[in-house]
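Visitor:
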Amino acid sequence: MNRPPTWMHVEIRGKHRGFGLWLPLFLLLPLALVVLIILSPLILIAVLVLLPSGRGIWALRVLRAAFSVFCSLRGLRVDIQGRHQSVYISVV
Amino acid sequence: MTESENRKKILEMLADKKISVDDAYRLLSAIDSAESGQASAPKTETAGKAKPKYLRVTILPDPEHEHSENVDRVNVRVPMSLIRAGIKLTSLIPPEARDKVNGALREKGIDFDVRNLKPEELEEIIGALSDLEVDVVSAKGEKVKVFVE
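So the sequence lines, in the order shown, correspond to chains E and B.
Plus 15 on top of the position in the first sequence (first one is 1) and you've got my numbering.
Plus 1259 on top of the position in the second sequence (first one is 1) and you've got my numbering.
(1) Report the rounded CA-to-CA distance for Lys-1276 (chain B) versus Asp-1282 (chain B), giving the unit in angstroms.
(2) May I ask you to report which of helix, strand or coil DSSP gives Asp-1358 (chain B)?
(3) For chain C, find out if any of its Cβ atoms is closer than 8 Å to the Cβ of Lys-1359 (chain B); answer yes or no.
(4) Over the uninterrupted beta strand (DSSP E) stretch that includes Glu-1383 (chain B), give me the two end residues.
(5) The beta strand (DSSP E) with Arg-1315 (chain B) in it runs from where to where?
(6) Hey, out of E:Ile-60, E:Val-25, E:Asn-17, whose CA is closest to Ile-104 (chain E)'s CA?
(7) Take the Cβ of Pro-67 (chain E) as the centre, count every other Cβ of all protein chains shown within 10 Å, and call the residue buried at 16 or more, exposed below.
(8) Would you tell me roughly how many angstroms separate the C-alpha atoms of Leu-1319 (chain B) and Ile-95 (chain E), rounded to the nearest one?
(9) Nearest-angstrom Cα distance between Leu-65 (chain E) and Asn-1375 (chain B)?
(10) What are the residues that DSSP puts in a beta bridge with Leu-36 (chain E)?
(11) Using the beta-carbon count (16 or more within 10 Å), is Lys-1367 (chain B) buried or exposed?
(12) Does any residue of chain B bring its CB to less than 8 Å from the CB of Leu-88 (chain E)?
(13) With DSSP run on the structure shown, which of helix, strand or coil describes Asn-1334 (chain B)?
(14) I need the straight-line Cα distance from Arg-70 (chain E) to Glu-1355 (chain B), nearest angstrom please.
(15) Span of the beta strand (DSSP E) holding Lys-1310 (chain B)?
(16) Assuming contact is defined by CB atoms lying nearer than 8 Å, are Arg-76 (chain E) and Leu-1351 (chain B) in contact in what I supplied?
(17) From the DSSP output, which residues share a beta bridge with Lys-1404 (chain B)?
(18) For Ala-47 (chain E), count the other beta carbons within 10 Å of its own beta carbon; 16 or more makes it buried, fewer makes it exposed. Which is it?
(19) Going by C-alpha distance, which of E:Ala-61, E:Ile-27, E:Leu-51 is nearest Gly-97 (chain E)?
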């Protein structure tokens, strides 16, 4: 699995005004960890309840896959320059 | 004649004193180098073909209007790892939703079953993408390029 991305750069520019943002994604990880720890008893109960239907393991796999997608975002770059507006998104 | 047969023949010739020890050594070395050359050939071929890292999609305006303000430009770079993760995600689509996706694709004329996307075949698909290059020039002169790098 890749290293999780650390920053996301979003820039939206119009004809006259625009803004740019550097989002610190690395700050999300400790936050997500705290949320996960707080919610872990609930997650465990949900997994146990869903286990007979086979959805419990599936839910855990989805969580893992979602994290994997998040980690894979590193290197993504979208640069669209329209007639009136331009959008730039970069994940580093 | 195989390499092992060649080796045997050389050793037999050496035993029969038809060739000297030096000659036998030289011949065996030649077989060794030929063998390693054959073994390394496919390796170098794969090594020469670097693993693609990104899928790029670019839409560039007509070169005549390139410096004009009233044109659209698109430059998208998608990491291959994201494509890999995305394909892996398809295996987690619940069966009911999967049928809906397949149905929607069929409606659009795409007869494709997302169940056929297996993670173990991923690398083959990604590898095949390295040869992909789509180059389209629209009527307006816009150049659409899809390639991997």
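Idealized CB from N, CA, C, for every residue including glycine.
Guide: Put simply:
(1) Between Lys-1276 (chain B) and Asp-1282 (chain B), the C-alpha separation is close to 11 Å.
(2) helix
(3) Annotation note: the requested chain C is absent from the structure, which comprises protein chains E and B.
(4) Premise fails: Glu-1383 (chain B) lies in the alpha helix (DSSP H), 1381 to 1388, not in any beta strand (DSSP E).
(5) Counting along the chain, the unbroken beta strand (DSSP E) around Arg-1315 (chain B) starts and ends at 1313 to 1319.
(6) E:Val-25
(7) exposed
(8) So the alpha carbons of these two residues sit roughly 11 Å apart.
(9) 27 Å
(10) Answer is E:Val-25, bridged to Leu-36 (chain E).
(11) exposed
(12) yes
(13) strand
(14) Each residue's alpha carbon lies about 13 Å from the other.
(15) It is not in any beta strand (DSSP E) - Lys-1310 (chain B) carries neither H nor E in the DSSP assignment.
(16) yes
(17) B:Thr-1317, B:Asp-1394
(18) exposed
(19) E:Ile-27
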